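There are 2 protein chains.
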Amino acid sequence: VITGGKREGSSPPDLVVVGSVALDDIHTPWEHRRSVLGGSATYAALAAAPFCRTGLVGVVGEDFPEEARVLLQERGVDTRGLESRPGRTFHWEGRYEANMEDRTTLCTELNVFADFQPELPPEYRDAPYVFLANIAPALQLQVLDQLPEASFVAADTMDLWIRTTADDLAAVLGRVDLLTLNESEARLLTGERSLRRAAARIRERGPGMVLVKKGESGSVLFAPDRILFIPAYPLEEVRDPTGAGDSFAGAMMGELASRRDRETEAVWRAAITGSSVASFAVEEFGAEYVGRLDREAIERRRAELLAMICV
Amino acid sequence: VITGGKREGSSPPDLVVVGSVALDDIHTPWEHRRSVLGGSATYAALAAAPFCRTGLVGVVGEDFPEEARVLLQERGVDTRGLESRPGRTFHWEGRYEANMEDRTTLCTELNVFADFQPELPPEYRDAPYVFLANIAPALQLQVLDQLPEASFVAADTMDLWIRTTADDLAAVLGRVDLLTLNESEARLLTGERSLRRAAARIRERGPGMVLVKKGESGSVLFAPDRILFIPAYPLEEVRDPTGAGDSFAGAMMGELASRRDRETEAVWRAAITGSSVASFAVEEFGAEYVGRLDREAIERRRAELLAMICV
Numbered sequence: 002v003i004t005g006g007k008r009e010g011s012s013p014p015d016l017v018v019v020g021s022v023a024l025d026d027i028h029t030p031w032e033h034r035r036s037v038l039g040g041s042a043t044y045a046a047l048a049a050a051p052f053c054r055t056g057l058v059g060v061v062g063e064d065f066p067e068e069a070r071v072l073l074q075e076r077g078v079d080t081r082g083l084e085s086r087p088g089r090t091f092h093w094e095g096r097y098e099a100n101m102e103d104r105t106t107l108c109t110e111l112n113v114f115a116d117f118q119p120e121l122p123p124e125y126r127d128a129p130y131v132f133l134a135n136i137a138p139a140l141q142l143q144v145l146d147q148l149p150e151a152s153f154v155a156a157d158t159m160d161l162w163i164r165t166t167a168d169d170l171a172a173v174l175g176r177v178d179l180l181t182l183n184e185s186e187a188r189l190l191t192g193e194r195s196l197r198r199a200a201a202r203i204r205e206r207g208p209g210m211v212l213v214k215k216g217e218s219g220s221v222l223f224a225p226d227r228i229l230f231i232p233a234y235p236l237e238e239v240r241d242p243t244g245a246g247d248s249f250a251g252a253m254m255g256e257l258a259s260r261r262d263r264e265t266e267a268v269w270r271a272a273i274t275g276s277s278v279a280s281f282a283v284e285e286f287g288a289e290y291v292g293r294l295d296r297e298a299i300e301r302r303r304a305e306l307l308a309m310i311c312v
Numbered sequence: 002v003i004t005g006g007k008r009e010g011s012s013p014p015d016l017v018v019v020g021s022v023a024l025d026d027i028h029t030p031w032e033h034r035r036s037v038l039g040g041s042a043t044y045a046a047l048a049a050a051p052f053c054r055t056g057l058v059g060v061v062g063e064d065f066p067e068e069a070r071v072l073l074q075e076r077g078v079d080t081r082g083l084e085s086r087p088g089r090t091f092h093w094e095g096r097y098e099a100n101m102e103d104r105t106t107l108c109t110e111l112n113v114f115a116d117f118q119p120e121l122p123p124e125y126r127d128a129p130y131v132f133l134a135n136i137a138p139a140l141q142l143q144v145l146d147q148l149p150e151a152s153f154v155a156a157d158t159m160d161l162w163i164r165t166t167a168d169d170l171a172a173v174l175g176r177v178d179l180l181t182l183n184e185s186e187a188r189l190l191t192g193e194r195s196l197r198r199a200a201a202r203i204r205e206r207g208p209g210m211v212l213v214k215k216g217e218s219g220s221v222l223f224a225p226d227r228i229l230f231i232p233a234y235p236l237e238e239v240r241d242p243t244g245a246g247d248s249f250a251g252a253m254m255g256e257l258a259s260r261r262d263r264e265t266e267a268v269w270r271a272a273i274t275g276s277s278v279a280s281f282a283v284e285e286f287g288a289e290y291v292g293r294l295d296r297e298a299i300e301r302r303r304a305e306l307l308a309m310i311c312v
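Quick look at the structure:
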């Protein structure tokens, strides 16, 4: 059992993150990279770890590079929940359009994820904050079942689950406090074109808060009592948008967990931190870059973002 | 000479607005309206008039409805610069896609605009604020030549002028303080995908400030010293996006002109007012609705917008 130098192995994580851990092939109109460290849980855990004790739940195959595991541990991510199994690591291959927002999945190989049955280390059981990163809703539910002390749960999802596993997703919605999804997914899930209406429909199905992600146009937090904007940092160059949303949510949940806060305003403030981390995430390929960001850089950009809205 | 009840006919306008005055046919996926009051200058002047003495420069034909002229005057718009000529009023017909952002121009009939040579009333000559709404850059320049006291000039443009009259547009850029344009136009004008880079390229060509409009995702003000976000009000329903940008710019320039301010922060604050007015503009077809908005409603929504960013 290795838990990373900075964290005590015996205390429960402040935040448990479950999702995919992957090796990605990424095509942009200008570059192509193979076997890049990726996966929703990888990005989210690496983004959260500077803020709180973060426990990762996922599975990797025999091809998962030792450096990646070391990176997670050096970052302080608790990897007791990261199972190693015979076979190959989950693999995703995608191509981004020239606008660097639309993308096409070229290939998805589930590999060791195909029959993953998450079983959480007993030490995770008391974790109060949970982020169910993008993964089959049935797996999100299985993880949630093992976290009886969860007091604030956020979940992400994607078009695939909206289309193919609507019932499981409905069960997830009924059990989470915050759903994050992008604008086209919000429309797909509800049939509403207006994001305000879409968020209202989603909130009726469970989550008190909905965070609608709009890529380079920032995001909008729909809470019971109010609507709050989170700007995206205007970059000179985006190299690889993969993992932006996961990094955003990871940092946001990490900050919230560290404060044990769940009020609307705290969620908004943490989302500004998430936006800062997401803006770094897209400047380079792969999750390593997120895993090496220091809090000072995150805080500087966060202050810049705040100065763009709070004059 | 009729100048509207609320304004003195003899004093120069605080703000001169030039652009198109039109009768539009508008198709949305759900509705179709004929002969709706439109035009960039119509929306902008009606949006500006509650804030300052607003002088309109444009041309209409014999078919221009008397009610529309009355509406402008009741709103306090100075219509001494609105010429009436034999022939038909400028006509635009367009169809919006289901996303209510992309649109196709089905028909443009210049009519009386074809040989319009704006000649400003002498009383307009000392106006300090100018908004060159969307119209051929050559006409924008002609109007600017007649406003020697202009101390703050904003201009809007569109893809057509970027593609067809690049030299005239370059001359406009060299003479304005603020350029407003949408994100695809910013990219077309500069060849830069990053809006931050695009704004920097545009600023090198003249305007100290660039406001990039992103429709329902709000807008971004790129100023010499900083970048500022302006959220868009999240609506339950958009009925007709026509005129949103013109209403935005008109209200923004109206508020700036009334304060005789041109500092970055004042422009941002005025842009929040612009965003408020634009959000009303898209709730109904045609410019009449903008012409009937009262300042209290505008101020209420403006306060709501501020509460969405300044927590």
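One line per chain: the protein sequences are P and Z, in this order.
Numbering follows this note's numbering, with no gaps: position 237 of the first sequence is 238.
Numbering follows this note's numbering, with no gaps: position 112 of the second sequence is 113.
Glycine residues also receive a C-beta, built at the ideal position from the N, C-alpha and C atoms.
The model shown is predicted, which means the values in this text are computed figures rather than measured ones.
Are there 16 or more other CB atoms within 10 angstroms of the CB of P/P122, so buried, or fewer, so exposed? buried
By how many angstroms is the C-alpha of P/R76 removed from the C-alpha of P/P129? 21 Å
When burial is assigned at 16 or more other CB atoms within 10 Å of the CB, is P/S280 buried or exposed? buried
Since P/G39 sits in a beta bridge, which residues does DSSP pair it with? P/A23
Residue range of the unbroken beta strand (DSSP E) whose run includes Z/V60: T55 to V61
Give me whichever residues DSSP pairs with P/E84 in a beta bridge. P/V60
Helix, strand or coil for P/R1, going by three-state DSSP, please let me know. Absent from the structure is residue 1 of chain P, since the part of chain P shown begins at 2 and ends at 312.
So, does the CB of P/S195 fall closer than 7 Å to a CB anywhere in chain Z? yes
Neighbour-count burial assignment, P/T105, 16 or more Cβ in a 10 Å radius: exposed
Give the residues of chain Z in contact with P/M253, contact being defined as C-beta atoms less than 7 Å apart. Under the 7 Å cutoff, chain Z gives no residues; its nearest Cβ is about 15 Å from P/M253.
Leaving out five residues on either side along the sequence, give the residues of the same chain with a beta carbon under 6 Å from the beta carbon of Z/E94. D26, L107 and C108
Check the DSSP bridge columns for P/V78 and list the partner residues they point to. P/T55
Residues in its own chain within less than 7 Å of P/R202 by CB, not counting five upstream and five downstream? T191 and E193
Please report the straight-line C-alpha distance between P/S218 and Z/P87, rounded to a whole angstrom. 46 Å
What are the boundary residues of the beta strand (DSSP E) that P/T158 is part of? Unbroken run through P/T158: none, as it is neither H nor E.
Please identify the residue among Z/R34, Z/H33, Z/A46 and Z/A250 whose C-alpha is closest to the C-alpha of Z/V22. Z/A46
Contiguous beta strand (DSSP E) assignments of at least 3 residues, all confined to the segment 106-167 of chain P: 130-133 and 153-157
Might you give, ordered along the chain, the residues of its own chain that have their beta carbon closer than 7 Å to the beta carbon of P/F286, omitting 5 neighbours on each side? I27, R34, V37, R240 and D241
Check whether the Cβ atoms of Z/S277 and Z/R293 lie closer than 7 Å to each other. no
So P/F230 contacts chain Z; which residues on that side make the cut at Cβ distance below 8 Å? G219, F230, P232, M309 and I310
Candidates P/A50, P/E84 and P/P149: which alpha carbon is nearest P/Q74's? P/A50
Note down, in chain order, each residue of its chain lying with its Cβ closer than 8 Å to the Cβ of Z/A267, except the 5 sequence neighbours on either side. L257 and R260
Using the Cβ count rule (16 or more neighbours within 10 Å means buried), how would you classify P/V173? buried
Closer than 7 Å to chain Z by CB, P/V215: Position check: residue 215 of chain P holds Lys in this sequence, whereas Val was assumed. Closer than 7 Å: yes.
Could you list which residues in chain Z have their beta carbon closer than 8 Å to that of P/L72, in chain order? Per Cβ cutoff of 8 Å: no residues; P/L72 is ~29 Å from chain Z at best.
C-alpha distance - Z/A48 paired with Z/E205, whole-angstrom precision: 30 Å
Taking DSSP as the reference, what is the three-state secondary structure of Z/G1? It is not possible to answer for residue 1 of chain Z, since the shown part of chain Z is limited to 2 through 312.
Does any CB atom of chain P fall closer than 7 Å to the CB of Z/P66? no
Grouping DSSP H, G and I as helix and E and B as strand, with all else coil, what is Z/I228? strand
Where P/W93 meets chain Z, residues with beta-carbon distance less than 8 Å: Within 8 Å Cβ-Cβ: nothing; P/W93 doesn't reach chain Z, min ~24 Å.
Which residues mark the beginning and the end of the alpha helix (DSSP H) in which P/F249 is found? A245 to R260
Using the three-state DSSP reduction, which class does P/F281 fall into: helix, strand or coil? helix
Would you identify the three-state DSSP class for Z/R293, choosing helix, strand or coil? helix
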